[in-house]
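Below is one structure, written out as structure tokens, with a few remarks after it.
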Amino acid sequence: MIIRSLEHLSYIKVMTAEIQESTKKMKKDRSKKRKLVNVEEKHVEDEDLVVKGKKKTKQENKNGTSEEEAHPRDNVDQASEEKIVEEEETEEGPESKKKGPSKRQIKKQKAELRASIAKESSKQETAQKALNYVSMWKHAKDQWKFNKVKQIWLIDNLLDEKYVPDEHYSTVLEYFEGSKGLARQKLIDKAMKVIKKVEDSVEDDEELVETTEYKRARQLLQALPNET
Numbered sequence: 003m004i005i006r007s008l009e010h011l012s013y014i015k016v017m018t019a020e021i022q023e024s025t026k027k028m029k030k031d032r033s034k035k036r037k038l039v040n041v042e043e044k045h046v047e048d049e050d051l052v053v054k055g056k057k058k059t060k061q062e063n064k065n066g067t068s069e070e071e072a073h074p075r076d077n078v079d080q081a082s083e084e085k086i087v088e089e090e091e092t093e094e095g096p097e098s099k100k101k102g103p104s105k106r107q108i109k110k111q112k113a114e115l116r117a118s119i120a121k122e123s124s125k126q127e128t129a130q131k132a133l134n135y136v137s138m139w140k141h142a143k144d145q146w147k148f149n150k151v152k153q154i155w156l157i158d159n160l161l162d163e164k165y166v167p168d169e170h171y172s173t174v175l176e177y178f179e180g181s182k183g184l185a186r187q188k189l190i191d192k193a194m195k196v197i198k199k200v201e202d203s204v205e206d207d208e209e210l211v212e213t214t215e216y217k218r219a220r221q222l223l224q225a226l227p228n229e230t
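When you read off a place in the sequence shown, starting at 1, and then add 2, the result is the number in our numbering.
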């Protein structure tokens with residue numbers, strides 16, 4: 003009797019497990035079917051939207067009027083707003099957007115720099131030739147020859163320490179001590195112009211600052227002979 007009861011319980015457990023497994027399988031099948039149905043319904047809805055869109059396009063073509071054409075006022079207003087925004091951005095551009103120099107500006111700056119360097123190099127070369135000229139007058143008069151171009155350059159630049167250094171100025175001053183005529187007058191005018199400019203720029207309560215150019219101008223006036 004006990005054995006039969008145990009066998010009956012065992013049979014019940016097996017049947018229960020099979021029922022549960024069958025139930026799980028049925029639920030999975032239902033879930034798959036629902037997903038398939040949803041996919042098919044979505045597909046049908048997409049096809050309906052495509053068909054409706056095509057019908058709408060055909061209808062608009064038949065009527066000859068698009069949505070934009072049906073509301074021209076809105077389009078004009080939008081275009082006006084866009085134009086105003088563009089103008090504001092253009093006006094604010096240089097202030098709000100700080101851009102670097104353009105390629106053309108960089109190229110121009112480089113060209114100007116090269117020209118400036120070449121010009122300064124030429125000036126330095128001319129200065130050296132003029133200094134050699136006056137040095138030869140001082141130390142090798144038997145080889146020296148008068149050169150009007152170099153003398154004019156010395157008249158124009160003898161007060162500028164950039165082209166006539168201090169170690170050469172005394173020799174240049176000595177060279178012009180015996181000047182006469184037009185050369186002498188040019189030197190006097192040049193010196194007086196520098197002195198007047200410096201002295202006129204000084205206020206009554208200020209002390210005069212003697213620059214190198216000013217000191218040289220006074221020395222030049224003292225070195226030049228008086229006309230008889």
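Where is the CB? At the ideal position from N, CA and C, for every residue including glycine. Because the structure is a prediction, the values reported are computed rather than measured.
The beta carbon of residue 174 is closer than 7 Å to those of 136, 156, 160 and 166 in its chain, skipping five residues each way along the sequence. For residue 215, the enclosing alpha helix (DSSP H) stretches over residues 214 to 225.
Under the three-state reduction of DSSP output, residue 147 falls in the coil class, being neither helix nor strand.
Take residue 189, set aside five residues on each side of it, and the residues of its chain with a beta-carbon closer than 7 Å to its own are 157, 178, 181, 222 and 226, in chain order.
In the structure shown, the three-state DSSP call for residue 189 is helix. In the displayed model, residue 202 falls within a helix according to three-state DSSP. The C-beta of residue 170 has 16 or more other C-beta atoms within 10 Å across all chains shown, which makes the residue buried. In this structure, residue 214 sits away from residue 176, with a CB-CB distance that is not shorter than 7 Å.
Between the beta-carbon of residue 131 and that of residue 105 there is about 39 Å, and that puts the pair past the 8 Å contact cut.
Here the alpha carbons of residue 120 and residue 107 stand approximately 20 Å from one another. Residue 179: not part of any alpha helix (DSSP H); DSSP gives it neither H nor E. Under the three-state reduction of DSSP output, residue 104 falls in the coil class, being neither helix nor strand. Sixteen is the threshold: when 16 or more other Cβ atoms of the shown chains lie within 10 Å of the Cβ of residue 219, as they do, the residue is buried. Within a 10 Å sphere around the beta-carbon of residue 204 sit fewer than 16 other beta-carbons, which makes this residue exposed. Distance from the CA atom of residue 117 to the CA atom of residue 210, rounded to whole angstroms, is 37 Å.
Rounded to the nearest angstrom, the gap between the Cα atoms of residue 199 and residue 191 is 12 Å.
In the structure shown, the three-state DSSP call for residue 158 is helix.
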